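Contents: one structure, followed by commentary.
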DNA sequence: TCACCCTTGAAAGTTATTTCCACTCCGCCT
DNA sequence: AGGCGGAGTGGAAATAACTTTCAAGGGTGA
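Protein chains in written order, with this note's numbering: chain A, 600 to 900; chain B, 600 to 900.
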């Protein structure tokens, strides 16, 4: 039997500090120094080699290895790996008050973190609150529609354009109207089998409700994508898709999170339609991809 | 100079998967295999030695080390340490994520879940990979710019419009150019102190690079928001903001996640500017809010 | 006081990582 | 078409890191 130490337990994951305390009495003085250093600054020790840690604790490499063994690892290498994991753990643990509002004097790094977090929250909320039955119905209607008209103004206008752009790419006739007057005059052209989609966060944007009303009267399938399903827009909508309303702050206007939410809905809608029309959508998608390729400079690698 | 590879960034903590995707195009085949293995199974790879990983990926030790360097670590040892941290992270983090791709026959409810999850991932990756120093510099430049020109075509055009819209709302002179020719002719008007922002996922969209080049030559502060920081667009950019490149599938074109990523960057930029110009931004924001109020029907709740 | 055993670090030995170099393959130019 | 140059790659030497061995030192109990 060689110089064996009781490696009684598996490579403990996070309970390292506890283990150190438990085992401390059985340790020799030098080993205690090593264990102390490891428990005190896991992150720092993870960056050190055996030699480094030996020097830091004023001991030898052999002692460091012995300590690692005692702590339940096959060698120092594995202790170090565990240490790295533990370090990553604890510095992620302290979430810098991510729930806090974005303040005027927040450093830019915090802005990024908070904003990303907020948007993630918005996405989760939207996904949770989305009525998949309604969505399915809209997908079905859109897949077979003769034409699809989309209404949106302001920030929602961009969402509408995004949807139209994508639907066009898979060969559907979709148009995003930005001018309210033209929208109404075009809505008159709609009939049963066509689809009209109104996008408005407030649910009460007159410029968007009006064309939807006309489409509704004409017998088209009408859809409202709104954060206020109880708003006026819904009365002319066969299907209502609800977007989430995140808290807004002075620096973060509602438009920002509503846009995220709307885009998710619109993307789901698009993918649903693409699935349904896969036979024609797939070739259309690759065709438009091809067409774009030569617009990029050759060098890409 | 020895066999050196561009270890451009610090040892990224959690943004590893994102970094792999961003850098993938610059990588050689063998390196891609290694990077893939690392991104695919951080925990598993953390348990492997250089030789082990080399064998697993069917490459050589040298290639593994090269890949580690490219990812921003001084060597494989450090990559391994980071991997261990990441592994500890994710298995403590959360439940078995929905990593599966969106399939043609997925029910609509799954589409919503998966898509929301993917977009959340994209946001996290983007936030982790965003260079806050660069962002800060862009914010500073934009806050005091005489005028801000924004270039983007296709899907990126909408992102550009979004940014322009928001900047206008806080009283800055911002314009999103959609027509490449007009963009160039307008870029000629720029001079030192002005800001030009090009948005292109591929980093090689000629229609966007051209106006940026002109702006660059004119002495304006130029910014590129791109998923390929090594792309041609960067050579005319004083500041490069990197968006993340999520995996795409047949049903989920790259445009979708790149848009999410771009919007986050743009939002951060906007909030940064709003902070800096708070004195004027706050009243401007409420003024525009007021102006919109009467466009909505009276009944709201 | 002596013998024993435990603790410890130096150094040898082993394994892992990094560096160097030569070979190959691919694209380009002549 | 042939050859020339350069990037990409893996093999192997060199180096660094880790592990083991071993002998010296120091304390303790007989």
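Where a beta carbon is used, it is the ideal one built from N, C-alpha and C, also for glycine.
Because the structure is a prediction, the values reported are computed rather than measured.
Asked, Found
"If contacts are defined as beta-carbon pairs under 8 angstroms, then residue 619 of chain A and residue 663 of chain A qualify, I think. What distance do you get, rounded to the angstrom?", "Not a contact, Cβ separation roughly 14 angstroms."
"Give the DSSP-derived three-state secondary structure of residue 645 of chain A in the structure shown.", "helix"
"In the DSSP assignment, find the unbroken beta strand (DSSP E) run with residue 800 of chain A in it and report its ends.", "Here residue 800 of chain A belongs to no beta strand (DSSP E), and DSSP marks it neither H nor E."
"Taking only beta-carbon positions, decide if residue 707 of chain B is within less than 8 angstroms of chain A.", "yes"
"Taking only beta-carbon atoms, is residue 883 of chain A less than 8 angstroms away from chain B?", "no"
"So residue 747 of chain B is in the beta strand (DSSP E); what residue range does that whole segment cover?", "747-751"
"Sorted by chain position, which residues of the same chain lie with C-beta nearer than 6 angstroms to residue 800 of chain B's C-beta, five sequence neighbours on each side aside?", "826 and 857"
"Could you work out which residues of chain A lie near residue 631 of chain B, taking near to mean beta carbons separated by less than 7 angstroms?", "Residues of chain A passing the Cβ test: none, with the nearest at roughly 11 angstroms."
"Per DSSP, which one or two residues make a beta bridge with residue 562 of chain B?", "No information on residue 562 of chain B is available, as it lies outside the stretch 600 to 900 that chain B covers here."
"Name the chain B residues whose beta carbon is nearer than 7 angstroms to that of residue 877 of chain A?", "703"
"Could you give the first and the last residue of the continuous beta strand (DSSP E) run that contains residue 736 of chain B?", "No beta strand (DSSP E) contains residue 736 of chain B, which is instead part of the alpha helix (DSSP H) from 731-742."
"Residue range of the beta strand (DSSP E) that residue 775 of chain B falls in?", "773-776"
"Assign residue 885 of chain B to one of two classes, buried (16 or more other C-beta atoms within 10 Å of its C-beta) or exposed (fewer than that).", "exposed"
"Considering only residues of the same chain and omitting the five flanking positions on each side of residue 875 of chain A, which have a CB-CB separation below 8 angstroms?", "738, 739 and 742"
"Decide if residue 628 of chain B is buried, meaning its Cβ has at least 16 other Cβ atoms within 10 Å, or exposed.", "exposed"
"Between residue 789 of chain A and the rest of its own chain, which residues show a CB-CB distance below 7 angstroms, the 5 nearest in sequence each way excluded?", "748, 795, 814, 817 and 819"
"Tell me the rounded alpha-carbon separation between residue 880 of chain A and residue 833 of chain B.", "34 angstroms"
"So which residues on chain B does residue 775 of chain A lean against when the C-beta distance must stay under 8 angstroms?", "Chain B residues near residue 775 of chain A: none, gap ~10 angstroms exceeds 8 angstroms."
"Taking just the CA atoms, how far does residue 726 of chain B sit from residue 770 of chain B?", "27 angstroms"
"What does residue 644 of chain A reach in chain B if we use C-beta pairs closer than 7 angstroms?", "None at all; the shortest Cβ gap to chain B is about 11 angstroms."
"Is residue 754 of chain A buried or exposed, if buried means 16 or more other CB atoms sit within 10 Å of its CB?", "buried"
"Helix, strand or coil: which one does DSSP assign to residue 806 of chain B?", "helix"
"Below 7 angstroms, is the gap between the Cβ of residue 665 of chain A and the nearest heavy atom of the ligand HEM?", "In the structure shown, the ligand HEM is absent, as is every other ligand, since no ligand is present at all."
"Of all the options A/676, A/787, A/683 and A/712, which has the alpha carbon lying nearest to the alpha carbon of residue 641 of chain A?", "A/683"
"Would you report the Cα separation of residue 797 of chain B and residue 718 of chain B, rounded to the nearest angstrom?", "23 angstroms"
"List, in order along the chain, the chain B residues whose C-beta lies closer than 8 angstroms to that of residue 710 of chain A?", "867, 870, 871 and 874"
"Could you tell me if residue 822 of chain A is buried or exposed, where buried requires 16 or more neighbouring beta carbons within 10 angstroms of its beta carbon?", "buried"
"Please list the partners that residue 761 of chain B has in chain A, where partner means a Cβ-to-Cβ separation under 8 angstroms.", "754, 757 and 858"
"Determine, using beta-carbon pairs with one atom in the segment 859-877 of chain B and one in the segment 757-765 of chain B, whether at least three such pairs fall under 8 angstroms.", "yes"
"Using a Cβ cut-off of 7 angstroms, pull out every chain A residue sitting near residue 652 of chain B, in sequence order please.", "What residue 652 of chain B touches in chain A: nothing, since even the nearest Cβ is about 14 angstroms away."
"Looking at the C-beta of residue 661 of chain A, does it have a partner C-beta in chain B at a distance below 8 angstroms?", "no"
"Take residue 647 of chain B and list the residues in its own chain whose beta-carbon comes closer than 7 angstroms to its own, dropping the five residues that flank it on each side.", "655"
"Name the two residues that bound the continuous alpha helix (DSSP H) containing residue 664 of chain B.", "660-669"
"Taking all protein chains shown into account, decide if residue 744 of chain B is buried (16 or more other Cβ within 10 angstroms of its Cβ) or exposed.", "buried"
"Under 7 angstroms Cβ-Cβ, which residues of chain A neighbour residue 718 of chain B?", "722 and 863"
"By the three-class DSSP mapping on this structure, what secondary structure does residue 874 of chain B have?", "helix"
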